[in-house]
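Trainee:
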Amino acid sequence: MALQAVKGMYDILPDRMRKFEHVDNLFKYFLELYGYELTKTPIVEYTKVFQKDNDTSDMVTKEMFTFTMNHKDSLTLRPEGTAGIIRSFIQNKLYSGELPVKLGYIGEMFRYERPQKGRQRQFTQLGIEALGEKNPLLDAEVIALGYSFVKTLGLKAISVCINTLGDNSSRMAYRQALKAYFEQYRDLLCLDCQNRLDKNPLRILDCKIDHDKEFMANAPKISDYLSAEAKAYFDAVLAGLDLLNIPYVIDESLVRGLDYYTDTVFEVKSTHEASGAQSTIFGGGRYDSLVEEMGGPDMSGIGFAIGEERLILLGEAEGIFEEEKPSLDVYVIDLLASDPYVLKVATALRNNGYKTEVNYKKRSLKAQFKSAERFKARFIAIIGEDERNDMTVTLKDSLDKSQVILRFDELLEYLDEKIGD
RNA sequence: GCGGUUGUGGUGAAGCUGGUUAACACACCAGAUUGUGGCUCUGGCAUUCGCGAGUUCGAGUCUCGUCAAUCGCCCCA
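Taking my numbering, the leading residue of the first sequence gets 723, the next gets one more, and so forth.
Next up, the structure:
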């Protein structure tokens, strides 16, 4: 069988790569604006890094690329960015300096899931984590960073959903209440939800099948189980968003997949039809206990991760990218079939900052002109026997089709005048 | 892990109830035009229909399997 890429993993070819570059650059700009520093952690971690005690999410139980090397440690291709960053934060004792520590990352993540639109087995996340400070204004600021990044990129059809899970004790109490409530209706729940009832009752709330059933309406609400502090905290986050003019929707069924979140959780979704079943562009939230659980100091953190492929998919649907391949300054036509003088000219051009392409192939002048056109070359330099012998270049301007013969040492000066800024 | 749909050249695709030379268009290459881009014209470009079996005198067309893509469920960025 012919060789092919692994299922769910895709090549990023030049046309698409330009879009990734564009998105990456804007993201890096926002990191700078908000004082986050770019970091890189390994793609592979010990499996323990991703396995929390009493974690019930499917992602951790069955959707990871996990393997064992030399019958020793179990390793896992990272399914998300936060755990690795926190491991690094603890291992490198970053908590001993100025707080919060604000880190950003761009990297590949791996999840063993069935691929579909907006879901790949290898995908890229752009993320940030702010560690070591718990303040509702910081929460608002983190959301603001992501929101304005996505807005500045050019996406229009987006909506910010936010919720609070309360602190650990609020959350526990709520979870118990939900479980008790749904237990009464166990037989009425769909099969998936009967399963969720034991594993993760919060997830029942946003089940698509059971959503409209009668007993849903009276299910306990998180807002009734929040401690006074948790309630005040959430209100302060919302006030922060109001202040920043960020529109949001409070969604009490928003619980997020990973179990470590406490207090603020949020998701930014696309409302564009092209998003298919995967409409979440980015999501994140605050985690009070994760750092400590992983062996670090008792510090809270907050972060989010953006799915870059999804972002690009939507960007394409909303037409925010320039499709044009970058143009060339000069295309050098070689009529002599690989004469060193041709390379000398091309190199001189490149050394002076002109994007230059050379034809090395032996083919007709006509074919070379067509090639130059495909590259969208502004100038076409023709080198044949006469030019080589006289150390000149025939230069044709593709805009007005005018043509001049220049001595080699005049060429750069001429171009500087024509296109140099 | 579960379900639906699809799979013909570089691309978009035609191919009727199985009948033997796999349309057409674009792109690409060459030439007409041996130093000039467009147009036009001429010619070239799938030993073969994702892959493997089977049914048949005969399979791109039917059956099974397999791989892949795609959409949805689950889960999630």
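Backbone N, C-alpha and C define an ideal beta-carbon position, used for all residues, glycine too.
1) Tell me which residues share the same chain as glycine 1078 and place their Cβ nearer than 6 Å to its Cβ, disregarding the 5 neighbours each side in the sequence.
2) Threonine 798 and phenylalanine 772 look like a contact to me (Cβ under 8 Å); what is the Cβ gap, rounded to whole Å?
3) Compare the Cα-Cα distances from aspartate 1131 to each of Ile1141, Gly730 and Val1115 and report the closest residue.
4) Is glycine 1006 closer than 9 Å to leucine 887 when the C-beta atoms are compared?
5) Serine 892 to aspartate 981, Cα distance in whole Å?
6) Could you name the residues of the same chain whose beta carbon sits closer than 6 Å to that of phenylalanine 1091, not counting the 5 residues immediately before and after it, in chain order?
7) Using C-beta distances below 8 Å, list every residue in its chain close to glutamate 767, excluding the 5 sequence neighbours before and after it, in chain order.
8) Anyone know if the C-beta pair for tyrosine 1009 and tyrosine 970 falls short of 9 Å?
9) Can you list, in chain order, the residues of its chain with a C-beta nearer than 8 Å to that of alanine 1059? Leave out the 5 residues immediately preceding and following it.
10) With a threshold of 8 Å on Cβ separation, who are the neighbours of leucine 1214 within its own chain once the five nearest residues in sequence on each side are excluded?
11) Can you list, in chain order, the residues of its chain whose CB lies under 6 Å from that of glycine 1174, leaving out five sequence neighbours each side?
12) Starting from methionine 831, follow the alpha helix (DSSP H) in both directions and report where the run begins and ends.
13) Where do the ends of the alpha helix (DSSP H) carrying asparagine 922 lie?
14) Between the Cα of glycine 1106 and the Cα atoms of Tyr1082, Leu753 and Thr769, which residue gives the shortest distance?
15) Under the assumption that glycine 1018 contacts isoleucine 812 (Cβ atoms under 8 Å), give the Cβ distance between them as a whole number of angstroms.
16) Whole-angstrom Cβ separation of proline 858 and glycine 962, contact assumed at under 8 Å?
17) Cβ atoms of leucine 1050 and lysine 1098: under 9 Å apart, would you say?
18) Could you give the distance in angstroms between the alpha-carbon of glycine 854 and the alpha-carbon of lysine 1140?
19) Taking just the CA atoms, how far does glutamine 916 sit from glutamate 743?
20) Report the partner residues of alanine 1099 according to the DSSP bridge assignment.
21) Along the chain, where does the beta strand (DSSP E) containing aspartate 1119 start, and where does it finish?
22) Going along the chain, which residues of its own chain have a beta-carbon closer than 6 Å to the beta-carbon of glycine 757, five neighbours each way excluded?
23) Could you check the C-alpha separation between glutamate 835 and histidine 994 for me, to the nearest Å?
24) So for valine 987, helix, strand or coil by DSSP?
25) How many Å lie between leucine 748 and leucine 877 at the Cα?
26) Would you list the one or two residues that DSSP bridges to glutamine 844?
27) Identify every run of the beta strand (DSSP E) within the stretch 872-926, keeping only runs that are complete inside it and at least 3 residues long; order them along the chain.
28) If we count the other Cβ atoms within 10 Å of its Cβ and call it buried at 16 or more, is threonine 763 buried or exposed?
29) Name the DSSP beta bridge partners of glutamate 851, please?
30) Out of Leu1133, Met739, Tyr869 and Ala939, state which residue places its alpha-carbon closest to the alpha-carbon of leucine 1117.
31) Alpha carbon to alpha carbon, how far is alanine 941 from glutamate 759?
32) With respect to the beta strand (DSSP E) encompassing methionine 838, which residues constitute its N-terminal and C-terminal limits?
33) Taking leucine 965 as the reference, which of Leu821, Arg1129, Glu863 and Lys1123 has the closest Cα?
34) Taking contact to mean 3 or more Cβ pairs, one atom from each stretch, closer than 8 Å, check whether the stretch 892-907 and the stretch 917-930 are in contact.
35) Where does the unbroken alpha helix (DSSP H) through isoleucine 1034 begin, and where does it stop?
36) Take leucine 911 as the anchor and find which of Gln898, Asp928 and Arg897 has the nearest alpha-carbon.
Mentor: So, to answer that:
1) The residue labelled residue 1078 in the question sits at position 356 within the first sequence. Per the sequence presented here, residue 1078 reads as threonine, with glycine not at that position. Answer for threonine 1078: Val1052, Ala1068, Leu1071 and Arg1072, listed in chain order.
2) As a first step, residue 798 must be located in the first sequence, where it is residue number 76. As a first step, residue 772 must be located in the first sequence, where it is residue number 50. Yes, they are in contact, since the Cβ atoms of threonine 798 and phenylalanine 772 sit about 6 Å apart, within 8 Å.
3) Position 409 of the first sequence, counted from the start, is the residue given in the question as residue 1131. Measuring from the Cα of aspartate 1131, the nearest candidate turns out to be Val1115.
4) For this step, residue 887 is matched to residue 165 along the first sequence. For this step, residue 1006 is matched to residue 284 along the first sequence. No. Outside cutoff.
5) The residue given as residue 892 occupies position 170 in the first sequence. The residue given as residue 981 occupies position 259 in the first sequence. Approximately 14 Å, taken between the alpha carbons.
6) Residue 1091 sits at position 369 when you count from the first residue of the first sequence. Excluding positions up to five away in sequence, the list is empty.
7) Walking along the first sequence from the start, residue 767 turns up at place 45. Excluding residues within five positions, the ones whose Cβ falls inside 8 Å are Leu797, Thr798, Arg800, Ala805, Gly806 and Arg809.
8) The residue labelled residue 1009 in the question sits at position 287 within the first sequence. The residue labelled residue 970 in the question sits at position 248 within the first sequence. Going by C-beta atoms, tyrosine 1009 is not nearer than 9 Å to tyrosine 970.
9) Locating residue 1059 in the first sequence gives position 337, counting from the first residue. Only Lys1084 meet the Cβ criterion.
10) Given a span of 723 to 1143 for the chain in the structure shown, any question on residue 1214 remains unanswerable.
11) The displayed coordinates of the chain run from 723 to 1143. Any statement about residue 1174 would go beyond what the structure contains.
12) Here residue 831 refers to the residue found at position 109 of the first sequence. First-last for methionine 831: 823-832, but that is the beta strand (DSSP E), not the alpha helix (DSSP H).
13) As a first step, residue 922 must be located in the first sequence, where it is residue number 200. First-last for asparagine 922: undefined, no H or E at that position.
14) For the purposes of this step, residue 1106 is taken as the residue at position 384 of the first sequence. Checking every option, the nearest Cα to that of glycine 1106 belongs to Tyr1082.
15) Counting from 1 along the first sequence, the entry for residue 1018 is found at position 296. Counting from 1 along the first sequence, the entry for residue 812 is found at position 90. With 8 Å as the limit, glycine 1018 and isoleucine 812 qualify as a contact, their Cβ atoms being about 4 Å apart.
16) By one-based count along the first sequence, residue 858 stands at place 136. By one-based count along the first sequence, residue 962 stands at place 240. Indeed, because the Cβ distance is near 6 Å, the residues count as touching under 8 Å.
17) Within the first sequence, residue 1098 is the residue found at index 376, counting from 1. Within the first sequence, residue 1050 is the residue found at index 328, counting from 1. Closer than 9 Å, so yes.
18) What you label residue 854 is simply residue 132 of the first sequence in a count that begins at 1. What you label residue 1140 is simply residue 418 of the first sequence in a count that begins at 1. If you take the alpha carbons of glycine 854 and lysine 1140, they lie about 55 Å apart.
19) Numbered from its first residue, the first sequence carries residue 743 at position 21. Numbered from its first residue, the first sequence carries residue 916 at position 194. C-alpha separation (whole angstroms): 45 Å.
20) Locating residue 1099 in the first sequence gives position 377, counting from the first residue. Leu1050, per the DSSP bridge assignment.
21) One-based indexing of the first sequence puts residue 1119 at position 397. 1114-1119 is the extent of the beta strand (DSSP E) around aspartate 1119.
22) Indexing the first sequence from 1 puts residue 757 at position 35. Closer than 6 Å at Cβ, skipping near neighbours: Lys824.
23) In the first sequence, the residue the question calls residue 835 occupies position 113. In the first sequence, the residue the question calls residue 994 occupies position 272. Going from the Cα of glutamate 835 to the Cα of histidine 994 covers about 24 Å.
24) Start at 1 with the first residue of the first sequence, and residue 987 comes out as number 265. DSSP places valine 987 in strand when its eight states are reduced to three.
25) Within the first sequence, residue 748 is the residue found at index 26, counting from 1. Within the first sequence, residue 877 is the residue found at index 155, counting from 1. So the two alpha carbons sit approximately 13 Å from each other.
26) For the purposes of this step, residue 844 is taken as residue 122 along the first sequence, with counting starting at 1. Partner(s): Phe832.
27) 880-886
28) Translated into positions along the first sequence, residue 763 becomes position 41. Buried, by the Cβ-count rule.
29) Residue 851 sits at position 129 when you count from the first residue of the first sequence. Leu825 and Gly1025, per the DSSP bridge assignment.
30) Numbered from 1 along the first sequence, position 395 holds the residue referred to as residue 1117. Of the listed residues, the one whose Cα sits closest to leucine 1117 is Leu1133.
31) Indexing the first sequence from 1 puts residue 941 at position 219. Indexing the first sequence from 1 puts residue 759 at position 37. If I take the Cα positions, the gap works out to 43 Å.
32) As a working mapping, residue 838 is identified with position 116 in the first sequence. Contrary to the premise, residue 838 reads as glutamine rather than methionine in this sequence. Per DSSP, glutamine 838 belongs to no beta strand (DSSP E) and is neither H nor E.
33) The residue given as residue 965 occupies position 243 in the first sequence. Residue Glu863 is the option with its Cα nearest to leucine 965.
34) Touching, yes.
35) As a working note, residue 1034 is residue 312 in the first sequence. In the DSSP assignment, isoleucine 1034 falls within the alpha helix (DSSP H) that extends over 1030-1039.
36) Residue mapping note: residue 911 aligns to position 189 of the first sequence, counting from 1. Nearest option by C-alpha distance: Asp928.
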